[in-house]
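Visitor: Residue numbers are given in the working numbering: position 240 of the sequence shown equals residue 240, and the series is strictly consecutive.
Glycine included, every Cβ here is placed at the ideal spot set by N, Cα and C.
Dumping the structure here so I can ask a few things about it.
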Amino acid sequence: MNRSRSVVAALAVSLAALQAASAEPLIGGSRNSFGLPGLIDTPSALSLPDGVIGASTYFGAGGQRHSFAFQITPRLTALFRYSRIDDYFAPDDPLYDRSIDLHLRLLDEKGWRPAVAIGVRDFIGSGAFASEYVVATKTITPTLQVSAGIGWGRLGSSNSIGAPFGARPGPAVVDGSPINYDRWFRGDAAPFLGVSWQATEKLTLKAEYSPDAYAEEVARAGFDRASPLNLGLDYRIGRSASVSAYYLYGSEVGVQVNIAIDPRRPPFPSGIEKTPLPVAPRPSRAADPVGWSGEWAAEAQVHPAVQAAVAKALSADGILLESMALSASTAEVRVRNQTYATQAQALGHVARVLTRALPPSVEYLVLTSVANGMPTSSVTLRRSDLEAMENGNSAALLTRATITDALAVSSGPLRPTDDLFPRFQWALTPYAEASIFDPVDPFLIDVGIAASMRYEISPGLVLAGSVRQKVAGNLDQSSRVPGPSPVRSDLVSYQRNGDLTIPSLTLSWYGRPAENLYARVSFGLLERMFGGVSGELLWKPVDSRLALGAELNYVQKRDYEQRFGFLDYTVVTGHASVYYDIGSGFTGRLDVGRYLAGDWGGTVSLNREFANGWRIGAFATFTDMPGAGPGDARFDKGLSLTIPIGWTTGKPTIASFTNTFGMSGGDGGARLAVDGRLYDSVRQSHVGALYSGWGRFWR
């Protein structure tokens, strides 16, 4: 289920889609009706460009398919699809199906050798489109490509050549069922063949022989499969948007729209943020002998005056100066980045401000990043390096920088910035909450007004909350029946009571108990459905790829009005977590522990993040829940997407839109949703993220 939290977030997705024409073109120039590189119904051995996101919407006789693909690596493609099969259960009673595909290119085309790929389609869940294939693609001329392969499952359902690997077990029928690997490449196999001809720069013609018998659609939805031959055309719009039209199986027609988005190519490649202040060279020793000698350090009024000037300049640049230490040779500033998506860019702005405000004897600049009141890392630079390298290669400056845990730095006594705490912030914004990809109700939405506040009593002690008032919508008209367990499957009961609500209201403390160690304690209305107390510890050395975490929560179920009442369900839940920065933007995570329904198990997650803040991830959860009925699924899986708002506007901001496409909607594997978890708060200013974003230091 997909739940958008704000109109701004929805706008970001729309802008990203409209930008699609600026993304890289699709390799092979064509996607099939299932959203992956291919002909019409059959696949090819090609891939999207690395890191590219592709979205497709197909409407044809018998149903529709909406696909979201991501090129995880240059060879591996993952896809999430939401489909409707008309009249599946009865006339006017369709099947809404959610599925995941994987497509792996094994060999590249080289000389006489074709490209070769292997894939599994709809390999988790009920398997309405389940099939597997091996396919090869060869470029005959610059405008002509041929693909041929062997398919199983639906791609082996007519004109079979036999079952080389044995019989195929029956399909899984329970939502949230585990990976059906026992069916892969089993049962009848059949060949398929397709040809693609680029007639003009924009027009591509396609033809294929498909062995998909469409057995269920023929039997249930009146689909007429008169021939195994399909014909189609693609008309390219710009560099990565296209429309397709198909004549299917001798009797049906279909249309499709495709777009591709490259996260590394924003609509505003150079950005439209204001130009930062230049580095200020120091005056000669003769022009300022007192400043160069450091004699000024004995004057008590100098530090407050310098700190006030630095705080004012940084505030104008969207950066908060929390405290500062100053001596004759060294200055440390503890700063909170409130504007820039990349921490390295924020530190570049801080460094330039310091060169304009500090006396000339100060040579060492210690830039300490702060998150939720916790100092997370310190970057030490020589002022002379900044003066010499401002117009040079930022990588050379990085080799001169020292990055350490903030608690390992001793720069002198820190002076808090005057009148900074307590600090109160509030905002009034529209919101939208949508329910889509649901097997019962395809699309429901509420819109309204949300008021949020954040009151920082002192560094690391924060009172935060929000209130929402629905203005219009139809989430309360959902026909979904709440599940029997009071965990997540009764979400519809909260959506039906979505008038004036308090989504969250918490008092949180963040701290640094020791070097490499971070802590959080949160108390109150932790999320929409649960309140209680949550505690977390994280061990994360600043230069380590590995992090270890532990979280323990005691929570009680909130009532459906979502104010201050509670139901009688309580649970102790928590996890031990391992995080690992694999490199090249990939981060893996393993969580093992007890979930909200009292079930025990683990969750495996893999995320890919780009330097500009885009993040795409996938997760799978296995627990010991029996899976006896609706809402009791013991297996969950899904995709997550984070889009930085600044990517669509060109203006610097730390705001982003995050959404999770869950698959089961049940209670198994359900976790508490707590804001401010430590790993994501800390890692942006640690070595991996700083190195990744260091190219923006001088921007």
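Three-state secondary structure (DSSP) at L386?
Guide: The answer is helix: DSSP assigns L386 an H, G or I state.
Visitor: Would you mind working out which of G35, F34, G51 and G38 sits nearest W614, comparing C-alpha positions?
Guide: The candidate whose alpha carbon is nearest that of W614 is G51.
Visitor: For N159, write down the residues that DSSP places opposite it in a beta bridge.
Guide: None, per the DSSP bridge assignment.
Visitor: How is I645 classed by DSSP in three states: helix, strand or coil?
Guide: It is helical.
Visitor: Leaving out the 5 sequence neighbours to the left and right, which residues in its chain are closer than 7 Å to S323 when beta-carbon positions are compared?
Guide: Closer than 7 Å at the Cβ level, and outside the excluded window around S323, lie R334, L414, R415, P416 and T417.
Visitor: Return helix, strand or coil for K470, following the three-state DSSP convention.
Guide: Strand.
Visitor: Roughly how many angstroms lie between the CA atoms of Q684 and T330, to the nearest whole one?
Guide: Taking the straight line from one Cα to the other gives about 25 Å.
Visitor: Which one or two residues does DSSP pair with D591 in a beta bridge?
Guide: Answer is S577 and T603.
Visitor: In this structure, what does DSSP give as the bridge partners for F443?
Guide: Answer by DSSP bridge pairing, in chain order: I436.
Visitor: Grab me the residues of T402's own chain with a C-beta within less than 6 Å of its C-beta, minus the 5 sequence neighbours each way, in chain order.
Guide: Excluding residues within five positions, the ones whose Cβ falls inside 6 Å are T380.
Visitor: Might you give, ordered along the chain, the residues of its own chain that have their beta carbon closer than 8 Å to the beta carbon of P228, omitting 5 neighbours on each side?
Guide: The residues are S158, N159, Y209, S210, P211 and Y249.
Visitor: Here's the rule: buried if 16 or more other CB atoms are within 10 angstroms of the residue's CB, otherwise exposed. What is G348?
Guide: That one is buried.
Visitor: Buried or exposed for L155, please, with buried defined as at least 16 other CB atoms from any protein chain shown within 10 angstroms of its CB.
Guide: By the neighbour-count rule (16 or more Cβ atoms within 10 Å), L155 is buried.
Visitor: Taking the alpha-carbon positions, what's the A618 to D97 distance?
Guide: Going from the Cα of A618 to the Cα of D97 covers about 18 Å.
Visitor: Taking only the alpha-carbon atoms, compute the straight-line gap between S244 and P486 and give it to the nearest angstrom.
Guide: Rounded to the nearest angstrom, the two C-alpha atoms are 45 Å apart.
Visitor: Return the residue from the list R220, F192 and L233 that minimises the CA-CA distance to T200.
Guide: Minimum Cα distance to T200 is reached at L233.
Visitor: When burial is assigned at 16 or more other CB atoms within 10 Å of the CB, is V471 buried or exposed?
Guide: By the neighbour-count rule (16 or more Cβ atoms within 10 Å), V471 is not buried but exposed.
Visitor: Run the CB neighbour count on R696, radius 10 Å, all protein chains shown included, and call it buried at 16 or more, exposed below.
Guide: It is buried - the Cβ of R696 has at least 16 other Cβ atoms within 10 Å.
Visitor: Leaving out five residues on either side along the sequence, give the residues of the same chain with a beta carbon under 7 Å from the beta carbon of L106.
Guide: Hits under 7 Å: V116, A117 and I118.
Visitor: Cα separation between V716 and S508?
Guide: Past the edges of the chain, shown from 1 to 699, lies residue 716, and the structure says nothing about it.
Visitor: Run through DSSP, which three-state label would G412 get?
Guide: Coil, per DSSP.
Visitor: Alpha carbon to alpha carbon, what distance is there between W152 and W184?
Guide: Computed Cα separation, rounded: 8 Å.
Visitor: For I100, which of Y82, G111, V134 and K110 has the nearest alpha-carbon?
Guide: Ranking Y82, G111, V134 and K110 by Cα distance to I100 puts Y82 first.
Visitor: Could you say if the stretch 442-449 and the stretch 462-478 meet the contact criterion of at least three C-beta pairs nearer than 8 Å?
Guide: Segments in contact, yes.
Visitor: Is T660 near G638, with beta carbons less than 8 Å apart?
Guide: In this structure, G638 lies closer than 8 Å to T660 by Cβ.
Visitor: Have a look at P375 and S411 and give me their C-alpha separation to the nearest angstrom.
Guide: Between P375 and S411, the C-alpha separation is close to 14 Å.
Visitor: Return the CA-CA distance between A608 and A576, expressed in angstroms with no decimal places.
Guide: According to the sequence as given, residue 608 is Arg; it is not Ala. Their Cα atoms are separated by approximately 22 Å.
Visitor: Can you tell me which of the three DSSP states W296 falls into?
Guide: It is helical.
Visitor: Find out if the Cβ-Cβ distance for the pair T573, L596 is shorter than 8 Å.
Guide: Yes.
Visitor: With 16 other CB atoms within 10 Å as the buried threshold, where does D122 fall?
Guide: By the neighbour-count rule (16 or more Cβ atoms within 10 Å), D122 is buried.
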